[in-house]
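Report on the following structure.
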Amino acid sequence: MSTGLGTRGAGPREESFIDPVSGQKIVKMGDMEFPPRKVWMKTFGCQMNYHDSERILSHLSDLNFEHTEELDQADMVLFNTCAIRDLSNNKFYSQLGEMKHAKKKKNGLVVGVGGCVAQTEGKELVKKYKHLDFAFGTDVIDTINDMVFRVYAGDNKFSINSWDRSENFSIETKIAHGSPQAFVNIIKGCNKYCTYCIVPYTRGKERSRKLDEVVTDIKKLVEYQGIQEVTLLGQNVNSYGKENNESLAQLLMELEKINGLELVRYTTSHPYDVSDELIAVHGSAKKLSKHLHLPVQSGSATVLERMHREYTPEHFLGLLEKLRKANPEIVLSTDIIAGFVNETDEEHRDTLKLLDIAQFDFIYAYAYSLRAKTRAEKMEDLLKDEIRFERLREIQAHQLKIQDKIRQSMVGQSYRVLVEDFGTMGGTKKWKGRTNCNRIVHFKPLNEEMDYKWHWVDVLVNSATALSCQGELLVDHGRRLNTLNH
Ligand code: 5AD
Ligand code: SF4
């Protein structure tokens with residue numbers, strides 16, 4: 023069976039023993055011994071990248087690497103990179119540059135770069151940055167231990183960006199944390215080729231895991247690892263299962279049957295592939311989150327055409343109407359790109375109009391950023407960056423007003439929340455959690471010592487603004503719910 027995400031060859035495997043002299047665990051791979059070491063990792067970009075990082079750390083623990091947050095304690099430093107916009111790209115380059123000094127300070131420090139930038143530019147990176155030992159693309163992360171073995175064997179300065187050619191995309195979810203939330207990758211790659219987007223070049227062609235495999239995987243996570251909330255992940259999850267005559271709607275209905283699984287989310291969607299069957303599931307599935315992130319990118323028919331998005335604003339708004347009819351409580355959010363190639367003022371205003379009609383709960387808005395290799399790169403673009411950023415600010419301010427109003431309707435309502443963490447706000451300790459519909463709610467503990475981490479609680483919202491929502495604790499259900507009452 024393929025291990026997916028880069029098939030691991032028939033090379034040496036990890037075996038461990040306790041060293042009788044030091045009492046330390048030693049991992050042996052081939053004829054090389056790996057003493058306990060520490061890895062520091064910096065992840066940029068989307069949830070898929072964070073999920074991949076977790077998978078990498080989980081593999082590395084088999085090779086005796088412990089994750090550290092302290093850079094100066096690290097024996098190996100890894101970057102998991104994002105290529106989607108300039109901003110995260112630039113941050114990565116400056117941090118990679120700084121590693122030169124870290125490497126001078128610590129003899130034997132290994133530096134590696136993985137992810138989307140490494141997929142397309144790994145070879146150039148290894149050549150250009152003398153202190154970089156190796157680079158690896160998005161489809162080979164399951165072979166990380168073989169690559170690290172190679173580096174410690176003295177064969178460094180390499181870059182691997184091959185695609186996994188196995189027929190099926192088959193993996194088992196690996197989690198390296200103790201939380202009840204897990205990301206589960208169900209489809210990789212993207213066949214859409216939106217003209218601005220680099221993802222099809224960094225993540226390859228779409229391939230889905232089989233439905234049975236995903237269901238068994240999630241059952242195991244629930245049964246053996248205490249997972250209660252899963253987020254199904256993919257660049258375009260709405261295309262899930264096409265090649266196997268399966269669908270996201272079918273998968274969601276199967277997940278309904280898993281006892282102990284409380285909440286299912288999925289991301290990210292493409293409006294083109296939102297089927298009526300899926301919309302109906304949003305009305306009937308009890309475990310499915312009442313939040314859907316559906317990126318529209320622009321409210322202008324002509325911009326959507328230039329973006330090659332394959333839908334019109336009317337079609338998109340029609341989908342929102344159908345979703346709200348199927349589930350009146352559904353909360354919707356979106357992505358917007360401000361100032362796409364040659365966007366006119368009128369086209370920009372169409373986006374503001376769409377925001378008025380759509381009434382999104384929140385949006386992620388970005389200024390268009392030219393990406394090498396995309397089709398938009400070849401379009402002559404007369405729009406100035408200044409205008410892009412001006413429009414971005416206008417979109418954000420416009421949405422905040424809408425959002426402020428929408429969030430007022432939360433006041434006086436109670437929400438069930440899975441508590442994630444705490445922080446201090448204005449000198450007061452507050453816990454925060456996420457509602458089923460993906461809104462963050464803050465609340466004060468009954469007393470300072472109470473630990474609510476990963477508890478399900480009911481919170482009555484008493485104040486809300488566009489960006490923050492405060493409530494008071496009504497009921498603490500503890501770490502497990504007795505009912506499937508959402
Ligand atoms: N420029 C700006 N934003 C982009 N996105 C994708 N590519 C670009 C780009 N070249 C945004 C889209 C997508 C989100 C993940 O990133 O809005 O939905
Ligand atoms: Fe990029 Fe479009 Fe694919 Fe989304 S659907 S990953 S925006 S190409």
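One gets this note's numbering by counting positions in the sequence shown from 1 and adding 22 to each.
We put the beta carbon where it would ideally sit given N, CA and C, even for glycine.
DSSP beta-bridge partners for residue i?
i	result
residue 387	358
residue 437	481
residue 325	DSSP lists no partner for residue 325.
residue 65	102
residue 254	206 and 288
residue 331	Answer by DSSP bridge pairing: none, since residue 331 is not bridged.
residue 282	In the DSSP output, where bridge partners are listed per residue, residue 282 has none listed.
residue 314	354
residue 319	358
residue 182	158
residue 230	209
Quick one: what does DSSP say residue i is sitting in, helix, strand or coil?
i	result
residue 83	helix
residue 246	helix
residue 208	coil
residue 165	helix
residue 54	strand
residue 159	coil
residue 442	strand
residue 110	helix
residue 304	helix
residue 60	strand
residue 88	strand
residue 171	helix
residue 153	coil
residue 23	Confidence at residue 23 is low in this model, with a pLDDT of 37, below 50, so the placement of that residue should be treated as unreliable; the coordinate-derived value is given next. Residue state, collapsed to three classes: coil.
residue 447	strand
residue 398	helix
residue 486	strand
residue 30	coil
residue 238	helix
residue 77	helix
residue 297	coil
residue 199	coil
residue 142	helix
residue 194	coil
residue 5	Given that the chain is displayed from residue 23 to residue 508, the structure contains no residue 5 and the question cannot be resolved.
residue 124	helix
residue 266	helix
residue 148	helix
For the beta strand (DSSP E) containing residue i, name the first residue and the last one.
i	result
residue 136	132-137
residue 51	47-51
residue 38	36-40
residue 456	450-457
residue 472	Premise fails: residue 472 is in no beta strand (DSSP E) and is neither H nor E.
residue 464	462-465
Short of 7 angstroms in beta carbon distance, which residues of its chain neighbour residue i, apart from the five on each side in sequence? Order them along the chain.
i	result
residue 328	217, 362 and 363
residue 235	192
residue 255	69, 70, 73, 205, 206, 207, 208 and 289
residue 391	107 and 108
residue 57	46, 48 and 86
residue 359	218, 319, 320, 388 and 390
residue 114	66, 101, 103 and 139
residue 202	248, 249, 250, 251 and 476
residue 342	354 and 380
Looking at the secondary structure, which residues open and close the alpha helix (DSSP H) in which residue i lies?
i	result
residue 427	407-430
residue 492	Element bounds for residue 492: not the alpha helix (DSSP H) but the beta strand (DSSP E), 491-500.
residue 338	335-348
residue 560	Because the chain is modelled from 23 through 508, residue 560 falls outside the range shown and cannot be assessed.
residue 370	367-380
residue 272	270-277
For residue i, I'd like the list of residues in its chain whose CB is within less than 6 angstroms of its CB, leaving aside the five on either flank, ordered along the chain.
i	result
residue 474	441 and 453
residue 132	98, 155 and 173
residue 80	196 and 198
residue 504	none
Can you give me the Cβ contacts of residue i inside the same chain, cut-off strictly under 8 angstroms, excluding the 5 residues immediately before and after it?
i	result
residue 351	312 and 459
residue 486	429, 430, 432, 433 and 492
residue 295	258, 260 and 261
residue 337	293
residue 414	360, 361, 387, 388 and 389
Under a CB-based cut-off of 7 angstroms, is residue i close to chain B?
i	result
residue 282	Annotation note: the requested chain B is absent from the structure, which comprises a single protein chain.
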